[in-house]
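If you read the sequence shown in the numbering used here, its first letter stands for residue 33, the second for the next number, and so on. Built from N, CA and C at the ideal position, the CB exists for glycine as well. See below for the structure under consideration.
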Amino acid sequence: MSAPSHESVRPDLSGRDLTLDLARVMCVMFVIVVHLLQVGIGPGPDGTLVASRPAEAQPWFAAATWIGQVMPLFFVVGGFASASGWASWTRRGGDAAGFIRTRTLRLAQPALPLFVFFAVVLVVATLIGAPPELVSAAAVGAGSPLWFLAAYLICQALVPVMVRLHASAPRATLVVLLAGVIVVDAARFATGITELGLLNLLLVWPLVQQFGFWYRDGWFDRRYPLTLLAIAAAGYLLLWPLTALGPYAESMLFNLNPPTLPLVVLGIAQACLLRLARPALTRLMQVRVVQGFVLLMGTRLMTVYLWHLPVILMVTGLSLLIPGAAPTPASAAWWWTRPVMFVVVLGVVFALSLFLVRFEKLGTLGSAPTAVVVGIAWVCAFVPPFAVMEWFLGLWIAVGGAVLLAVAVALLRGRRVRAAQPSVVSEA
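Here it is, written out as structure tokens:
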């Protein structure tokens with residue numbers, strides 16, 4: 033399943049739509065809840081530890097993903113933030129290479145310590161002879177949210193181009209992207225070659241991001257509430273023939289990678305519902321405690337998103353060492369302990385963020401790299417999460433990913449030259 037946003041929260045909140053900050057934080061909190069319901073580790077029939085996915089075994093799971101799949105909303109809100117950031121950047125004389133540099137850094141820097149952590153853990157697990165099946169299952173689960181980095185890196189790199197297309201031909205841009213999504217899906221399902229669907233990384237998420245541009249332009253503001261409700265309802269109704277009669281899975285989780293047309297439908301429906309909920313969200317953000325929590329989490333939301341699954345696995349592992357603290361997955365006691373686990377996991381992730389939040393801050397950068405260097409660094413940042421998305425997290429992907437992300441960060445931060453004026457990067 034910005035997903036979670038890498039946007040920093042400024043002290044000056046005038047002119048800022050705080051409902052979008054609330055939406056981002058709520059989405060990340062919801063992702064944590066979903067993953068808490070999907071991760072089950074406990075003794076198997078022979079007494080050995082096995083990993084399971086309790087929520088997916090439930091008959092209501094597929095239907096629940098029509099509401100619970102919030103990643104399209106991430107990209108809608110991210111589109112709004114990206115368009116605003118690009119406008120601010122260009123007003124200050126910034127160019128596309130500089131924009132992509134800072135946006136790539138905001139994703140690569142928080143990801144670097146995570147890949148280093150994965151590399152160390154998997155090396156140690158290999159050396160001590162940990163059960164390969166359990167290690168593999170844990171690694172696959174812990175790395176599953178990393179697809180977002182690959183998708184969002186693509187969207188951020190395309191912002192300068194997509195904003196210009198939105199300004200010059202907004203409707204045509206939507207139509208062309210939508211047609212491309214349909215063609216790619218048709219080719220994928222007609223040939224049975226799943227890898228063809230990867231082309232939709234260049235179409236589905238940029239298209240959903242465009243909805244965020246329209247949201248920023250006020251298109252949703254100018255629609256009557258009944259119109260927005262009708263569009264949202266039509267979107268959810270369209271999911272029925274797409275999944276029941278069409279080739280798409282009923283579960284929106286299985287439509288995620290590679291991304292497919294139902295996510296576009298969810299994106300427009302969720303954008304309408306977000307605008308409908310804006311008055312209620314505005315009132316909620318007037319509550320001081322809520323606003324404080326949202327603004328605090330907003331400064332470390334990328335860290336929370338990236339680290340929550342490893343923390344879930346670590347907390348679950350520790351609970352297995354405490355007699356009676358780890359109910360059998362999918363048992364009644366296991367379901368009832370999920371709220372407690374949520375509080376514990378959120379607390380541990382927040383404690384970790386006190387040390388890791390520095391990776392979300394750009395600070396003062398060195399000399400600006402050339403556009404070619406920015407492109408090379410972008411590729412170095414893109415390859416690790418894409419590799420995890422395609423081949424799952426393993427020892428060599430973790431080690432190689434840590435190396436590539438370190439190279440990307442070093443290239444993007446630039447060389448500090450004492451004689452030169454240090455470049456000051458806007459928090460756009």
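TODO: Please report how far the alpha carbon of Val193 lies from the alpha carbon of Val389, in whole angstroms.
DONE: 30 angstroms
TODO: Could you tell me the boundaries of the beta strand (DSSP E) in which Ile73 lies?
DONE: 72–75
Task: Nearest residue (CA-CA) to Arg332, options Ala143, Arg254, Leu353 - done: Ala143
Task: Simplified DSSP assignment, three categories, for Ser37 - done: In this prediction, Ser37 has a pLDDT of 43, which is less than 50 and means its spatial position is unreliable; what the coordinates show is noted afterwards. In this structure, Ser37 counts as coil in the three-state DSSP scheme.
Task: Minimum C-alpha distance to Leu209 - residue among Leu228, Leu233, Cys59, Leu341 - done: Leu233
Open item on the list: For Met317, which residues in the same chain have their Cβ closer than 6 angstroms to its Cβ, ignoring the five residues on either side in sequence?
Closed with: Leu50, Leu54, Gln323
Task: Three CB pairs or more closer than 8 angstroms across the stretch 378–398 and the stretch 408–415 - done: no
Open item on the list: If you measure between the beta carbons of Val66 and Gly244, is that distance less than 8 angstroms?
Closed with: no
Task: Inter-residue CB distance, Pro177 and Leu341 (contact presumed, cutoff 8 angstroms) - done: 6 angstroms
TODO: Quick one: measure Cβ to Cβ for Pro417 and Trp179, integer angstroms, because I've assumed they're closer than 8 angstroms.
DONE: 6 angstroms
- [ ] Drop a sphere of 10 angstroms on the beta-carbon of Val156, count the other beta-carbons inside from all chains shown, and report buried for 16 or more, exposed for fewer.
- [x] exposed
Open item on the list: Among the candidates Val297, Thr223, Ala219, Ala199, whose CA atom is the shortest distance from the CA of Asp249?
Closed with: Ala199
- [ ] Compare the C-alpha of Gly173 against each of Arg445, Gly446, Gly426, Arg448 and name the closest.
- [x] Gly426
Task: Environment of Ser37 [buried if 16+ CB atoms lie within 10 Å] - done: Bear in mind that the predicted position of Ser37 carries a pLDDT of just 43, short of 50, making it unreliable; the figure below should be weighed with that in mind. Ser37 comes out buried.
TODO: Mind the definition here: the stretch 117–126 touches the stretch 252–259 only if three or more C-beta pairs lie below 8 angstroms; say whether that holds.
DONE: no
- [ ] Leaving aside the five residues before and after Thr360 along the sequence, list all residues of the same chain whose C-beta is less than 7 angstroms from its C-beta, in chain order.
- [x] Gly74, Trp366
TODO: Jot down the residue ranges of each uninterrupted alpha helix (DSSP H) in the stretch 255–311, minimum 4 residues, whole runs only, in chain order.
DONE: 257–276, 293–308
- [ ] State the CB to CB distance for the pair Leu181 and Leu139, rounded to an integer number of angstroms; the pair is presumed to be in contact (CB under 8 angstroms).
- [x] 6 angstroms
Task: Backbone secondary structure at Ser84 - three-state DSSP - done: strand
- [ ] Please work out which residues of its chain come closer than 8 angstroms, Cβ to Cβ, to Thr402, disregarding the five sequence neighbours upstream and downstream, and give them in chain order.
- [x] Ala129
Task: CA-to-CA distance, Trp368 to Phe374, given in whole angstroms - done: 11 angstroms
Task: Which listed residue (Leu384, Trp118, Ala219) has its alpha carbon closest to that of Met329 - done: Leu384
TODO: Go through its chain and collect everything with a Cβ distance to Gln141's Cβ below 6 angstroms, but skip five positions before and after it.
DONE: Phe391, Val441
Open item on the list: How far does the alpha helix (DSSP H) with Val102 in it extend, from its first residue to its last?
Closed with: Careful: Val102 lies outside any alpha helix (DSSP H) and carries neither H nor E.
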